[in-house]
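Residue numbers (UniProt numbering): 1 to 343.
Cβ coordinates follow ideal geometry from the N, Cα and C atoms, glycine included.
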Amino acid sequence: MLRWFETNGKESDVVISSRVRLARNVKKYNFSLKLTENDAVKMIDELSEAINSLDIVKDYSSYNFKTLDEYQKQAMKERHVISNFLLGQKQAAGFVSKDEDISIMLNEEDHIRIQAYAPGMDMEKAFELADKVDDAIDSVTDYAFDEKYGYLTTCPSNVGTGMRASYMLHLPALAGNNRISGLASEVGRFGLVLRSVYGDGSKNYGDIYKLSNQITLGVSEKEIIDNLTHIANQIISQERTLRKQYVLNKRLSASDIAYRSYGVLRYARKLSLNDAMLLLSQIRLGLAQGLIGTDMENEFCVYQLMIGVMPANLALMNDSDMSPEEIEEYRAKFIRDNLPVIR
Numbered sequence: 001m002l003r004w005f006e007t008n009g010k011e012s013d014v015v016i017s018s019r020v021r022l023a024r025n026v027k028k029y030n031f032s033l034k035l036t037e038n039d040a041v042k043m044i045d046e047l048s049e050a051i052n053s054l055d056i057v058k059d060y061s062s063y064n065f066k067t068l069d070e071y072q073k074q075a076m077k078e079r080h081v082i083s084n085f086l087l088g089q090k091q092a093a094g095f096v097s098k099d100e101d102i103s104i105m106l107n108e109e110d111h112i113r114i115q116a117y118a119p120g121m122d123m124e125k126a127f128e129l130a131d132k133v134d135d136a137i138d139s140v141t142d143y144a145f146d147e148k149y150g151y152l153t154t155c156p157s158n159v160g161t162g163m164r165a166s167y168m169l170h171l172p173a174l175a176g177n178n179r180i181s182g183l184a185s186e187v188g189r190f191g192l193v194l195r196s197v198y199g200d201g202s203k204n205y206g207d208i209y210k211l212s213n214q215i216t217l218g219v220s221e222k223e224i225i226d227n228l229t230h231i232a233n234q235i236i237s238q239e240r241t242l243r244k245q246y247v248l249n250k251r252l253s254a255s256d257i258a259y260r261s262y263g264v265l266r267y268a269r270k271l272s273l274n275d276a277m278l279l280l281s282q283i284r285l286g287l288a289q290g291l292i293g294t295d296m297e298n299e300f301c302v303y304q305l306m307i308g309v310m311p312a313n314l315a316l317m318n319d320s321d322m323s324p325e326e327i328e329e330y331r332a333k334f335i336r337d338n339l340p341v342i343r
């Protein structure tokens with residue numbers, strides 16, 4: 001079974017994924033940040049037992065941080081199975097679907113975080129997946145809910161629907177034309193945030209960005225999704241326009257960059273994460289714009305390589321603790337073994 005990041009979806013030239021995350025808490029316990037370690041363990045055990053009884057998770061795998069090493073946890077974060085916040089928790093557990101499109105995190109910033117991914121631009125599917133799991137968990141526990149304010153959460157910005165929706169976007173043309181900073185300011189006026197997925201500030205690996213909502217109180221799930229999708233479509237249009245102009249005016253240079261990137265990836269013997277992500281970004285752009293192609297029957301999903309080149313996942317694949325230089329060597333080998341022939 002292919003995982004969500006190993007396949008392309010709608011509008012995949014720009015949109016990598018759609019994600020919905022729901023924040024929920026249980027009435028009988030303090031919020032996670034106020035829990036004692038003993039209460040955290042007790043809550044996790046109670047919720048794990050309750051959720052494990054549900055038919056909807058019968059094919060899911062479960063985990064508990066007590067039995068995972070740091071590489072396993074870090075690799076899960078790299079694959080977007082768990083969050084940065086959960087990674088820092090001493091006591092945590094959860095459930096993951098086979099294709100990793102659904103993840104239930106216990107003792108995150110809130111007691112329960114449900115997240116669902118769909119490849120490409122398909123927020124309706126992501127919401128449907130998360131909503132079904134949410135309804136199932138609601139049937140076996142008692143959520144902290146207020147008739148006036150909605151779902152009660154640790155962070156006031158999540159109160160209401162408790163929902164954050166986001167699109168992961170590949171924006172090499174906008175980034176290359178220094179449009180990201182201005183765009184981030186502009187979308188902020190609509191209650192949205194645009195930030196880099198890999199890297200912070202001036203550092204960005206792979207030109208991948210996340211567009212998400214900030215406001216959950218006083219708006220419905222549909223309103224959140226509609227507003228987010230409306231702005232996402234405008235960004236997609238801008239990105240495509242710049243790409244078209246780039247290819248129209250500098251086709252030879254654009255093709256040369258794509259083929260040079262392929263050459264380095266095909267023959268390099270060591271690669272830093274930054275270099276790998278930059279080169280894979282150029283391959284993804286080249287494929288999307290028809291500058292290069294493969295002989296594969298189905299469209300090749302470059303993002304699966306971007307996930308695969310992350311250090312903890314490389315260490316897990318190699319089943320060993322590797323030095324930074326060994327990781328760079330294995331990263332290059334992983335790409336050589338998995339990159340299709342480009343024509």
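1) Report the three-state DSSP secondary structure of T294 (helix, strand or coil).
2) Report the option in E78, N52, L217 and E128 whose CA atom is closest to the CA atom of T141.
3) Return the bridge partner residues of F5 from the DSSP annotation.
4) When you compare the stretch 201-215 with the stretch 143-154, are there three or more beta-carbon pairs, one atom per stretch, that lie closer than 8 Å?
5) F85 by DSSP, collapsed to three states: which one?
6) What are the partner residues of Q115, as DSSP defines its beta bridges?
7) I'd like the span of the alpha helix (DSSP H) that includes H230, first residue to last.
8) For F334 versus V309, is the C-beta distance shorter than 8 Å?
9) Going by DSSP in three states, S62 sits in which element: helix, strand or coil?
10) Taking its Cβ as the centre, do 16 or more other Cβ atoms sit within 10 Å of L2, making it buried, or is it exposed?
11) Is the Cβ-Cβ distance between R19 and A126 less than 8 Å?
12) Look up D134 in the DSSP assignment and say whether it is helix, strand or coil.
13) Mind reading off the beta-carbon distance from residue 346 to V197? Whole number of angstroms is fine, and I expect it under 8 Å.
14) Apply the 10 Å Cβ neighbour rule to S61 and answer buried if 16 or more other Cβ atoms are within range, or exposed otherwise.
15) Do E239 and A173 have their C-beta atoms closer together than 8 Å?
Taking the coordinates as given:
1) strand
2) N52
3) For F5, which the question treats as bridged, DSSP gives no partner whatsoever.
4) no
5) helix
6) R21 and S103
7) E221 to N249
8) yes
9) strand
10) exposed
11) yes
12) helix
13) Residue 346 is absent from the structure shown; the chain starts at 1 and stops at 343.
14) exposed
15) yes
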